[in-house]
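I have placed the structure first, in the form of structure tokens, so that the comments after it can refer back to it.
Protein chains: 2
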Amino acid sequence: MSDQRESADDRSRRRDIPDATVARLPVYLRALHAVADAGQATVSSEELARSAGVNSAKLRKDLSHLGSYGTRGVGYDVALLIDSISQALGLTKRWAVALIGVGNLGHALAGYGGFASRGFRIAALLDADPYRVGERLHGQVVRHIDELPEAVAEGGVSIGVIATPAIAAQDVCDRLVAAGVTSILNFAPCVLSVPEGVDVRKVDLSIELQILSFHERRKAALTGLPNLRAPLDDARNDLLGDDGDDYHRAVHQ
Amino acid sequence: MSDQRESADDRSRRRDIPDATVARLPVYLRALHAVADAGQATVSSEELARSAGVNSAKLRKDLSHLGSYGTRGVGYDVALLIDSISQALGLTKRWAVALIGVGNLGHALAGYGGFASRGFRIAALLDADPYRVGERLHGQVVRHIDELPEAVAEGGVSIGVIATPAIAAQDVCDRLVAAGVTSILNFAPCVLSVPEGVDVRKVDLSIELQILSFHERRKAALTGLPNLRAPLDDARNDLLGDDGDDYHRAVHQ
DNA sequence: TCAACTTTGTGCGAACGTTCACAAGCGGCT
DNA sequence: AGCCGCTTGTGAACGTTCGCACAAAGTTGA
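Protein chains in written order, with numbering that gives the first Met the number 0: chain A, 0 to 252; chain B, 0 to 252.
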């Protein structure tokens with residue numbers, strides 16, 4: 000907030016913030032807002048790390064990439080750090096977002112408060128289904144996907160969110176790129192191919208569950224009868240709910 | 000599927016599948032299903048890697064952790080590999096999932112086809128809001144959160160999905176753990192603390208956008224006027240939409 | 001049978017990420 | 001002023017992940 004000009008040193012340091020750090024900055028930001036709401040003016044790396052769920056050394060190293068300094072013996076100035084991270088993440092600008100696909104998930108995303116509260120503005124809702132076009136949703140009228148170029152231009156959109164079925168996602172993605180969008184958040188369960196310079200992030204609900212399944216299986220294999228019956232490789236439970244489920248519950252009691 | 004007993008060698012090899020690999024297995028699985036649907040019987044690491052969006056050496060190394068072998072000169076047997084990965088991920092069992100919070104997002108999740116198609120069964124819907132209790136949603140009646148222990152027991156639930164507001168998430172999480180759930184997928188924007196042995200994965204929609212924002216900001220700083228005006232650190236656009244957006248669009252044309 | 005070709009599985013070095021541990025620096029107290 | 005206790009920032013060690021490059025092992029065709 001305070002420094003209008005950033006020094007060459009600052010910029011070069013900011014240029015190579017590790018990806019892992021970038022992914023954690025939003026978490027710190029959230030924790031910091033909580034601390035600020037509680038009326039605290041400064042916070043130690045230890046405390047902030049605890050409420051962000053990370054190691055304090057990691058937190059300090061992450062913050063050191065921003066070039067924003069704390070004060071030894073005291074901690075970090077909460078307000079300053081919020082500004083610093085917001086700056087680094089580019090949240091001083093209010094990004095315009097286009098949401099494509101207003102099905103089940105699209106509806107939820109359109110109404111998700113977390114976007115607006117972090118400075119993202121849903122500037123356009125689009126869908127291919129004529130029955131959905133015209134629907135009013137959280138203050139936006141759903142437009143037809145063919146109007147995407149205009150919607151992007153008018154709204155100054157640079158981020159696209161794809162919440163369509165997988166089959167449509169690549170086409171929508173291509174249209175977004177053609178319209179000048181350079182960042183895409185993909186909720187469709189498929190891999191998107193994009194030209195150089197376009198960033199894609201993927202959120203896949205069922206993948207997360209499958210990862211949990213892996214660990215759950217492992218825990219069951221360790222906790223329960225380790226060798227007998229090889230229960231987790233047993234396919235009997237595929238369709239039958241009760242039997243397998245009772246067994247499973249027993250493992251966890 | 001085929002091997003009822005797994006050898007000690009198999010198990011020890013399976014014991015330490017790297018996390019990075021586990022996270023990619025579901026992606027391979029999806030790509031494999033596409034290949035299978037196309038009627039192909041075998042697939043090369045090169046081809047599979049391309050459709051999964053990864054390096055082929057990485058794919059081969061990942062698969063080598065499963066102990067499932069391809070055939071040199073030919074590739075991998077598609078059906079065999081699907082079984083192998085499903086096995087490793089524990090998808091031969093049909094996991095029961097409890098979904099807590101049937102607001103905007105909860106509705107979308109309850110109707111999400113990707114769960115069922117990967118072998119996850121939504122066994123219970125719960126909410127704290129009395130007005131939502133009793134609602135019928137995709138073949139399930141919403142029950143009150145106080146009934147969670149019974150719901151978990153009856154359904155044999157081992158995975159909980161939290162789709163509540165952040166403020167309620169920790170409480171719900173504690174209840175899940177108390178009821179014996181050992182894997183949690185958290186959509187609430189907050190850090191959950193859980194005892195040893197419970198796995199939590201977090202999906203945070205606004206964090207993903209903030210990461211995109213970071214990269215978008217960087218691209219703008221590189222593409223556009225590199226030093227003049229330091230536009231991205233300019234806070235003028237905080238509330239004013241049009242001005243900033245026009246500038247931004249110009250950068251991308 | 002043998003050579004040519006294809007594709008897997010993996011050794012290895014480099015890049016990246018995490019954690020420990022501690023010197024350097026700061027504020028408060030006497 | 002000078003000491004003490006606290007907290008940051010970072011060097012260094014360690015573990016993980018990535019990707020190249022190539023030997024090993026299979027297939028195909030003559």
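Where a beta carbon is used, it is the ideal one built from N, C-alpha and C, also for glycine.
Item	Value
Per DSSP, the bridge partner or partners of A/ASN185	A/ILE161 and A/LYS201
Option nearest B/PHE114 by Cα separation, candidates B/ASP128, B/ASP203 and B/GLY159	B/GLY159
One or two residues paired with B/HIS32 in a DSSP bridge	B/HIS32 is not bridged to any residue.
C-beta neighbour in chain B for A/GLU215, strict 8 angstroms	yes
Per DSSP, the bridge partner or partners of B/THR91	In DSSP, B/THR91 forms no bridge with anything.
Integer-rounded CB distance, given that A/ALA109 should sit under 8 angstroms from A/LEU136	5 angstroms
Extent of the continuous alpha helix (DSSP H) run through B/LEU108	103 to 109
Three-state secondary structure assigned by DSSP to A/ASP170	helix
Cross-strand partners of B/VAL156 (DSSP beta bridge)	B/ALA95
Buried or exposed (CB count within 10 angstroms, at least 16 for buried), B/GLY100	buried
Chain B residues whose Cβ lies nearer than 7 angstroms to that of A/GLY200	In the sequence on display, residue 200 of chain A carries Arg and not Gly. Here the neighbours are GLU207, ILE210 and LEU211.
Alpha helix (DSSP H) segment containing B/ARG49, residue limits	44 to 51
Nearest neighbour of B/PHE119, chosen from B/GLY154, B/GLY179, B/VAL141 and B/VAL140 [CA to CA]	B/GLY154
Residue-chain proximity (A/HIS106, chain B), Cβ-Cβ < 8 angstroms	yes
Cα-Cα separation between B/SER44 and B/GLY72, rounded to whole angstroms	11 angstroms
Interface residues of chain A facing B/ARG29 [CB-CB closer than 8 angstroms]	PRO188 and CYS189
Contact check, B/LEU88 vs B/ILE121, beta carbons under 8 angstroms	no
Assigned secondary structure, B/LEU191 (DSSP; H/G/I helix, E/B strand, else coil)	coil
Burial state of B/LYS60 (16 or more Cβ within 10 Å)	exposed
Contact under 8 angstroms by Cβ, B/LEU191 with B/CYS172	yes
Any C-beta of chain B under 8 angstroms from that of A/ARG117	yes
Residue from B/TYR130, B/LEU31, B/ASN103 and B/LEU125 with nearest C-alpha to B/ASP76	B/LEU31
Contact check, B/SER205 vs A/TRP94, beta carbons under 8 angstroms	no
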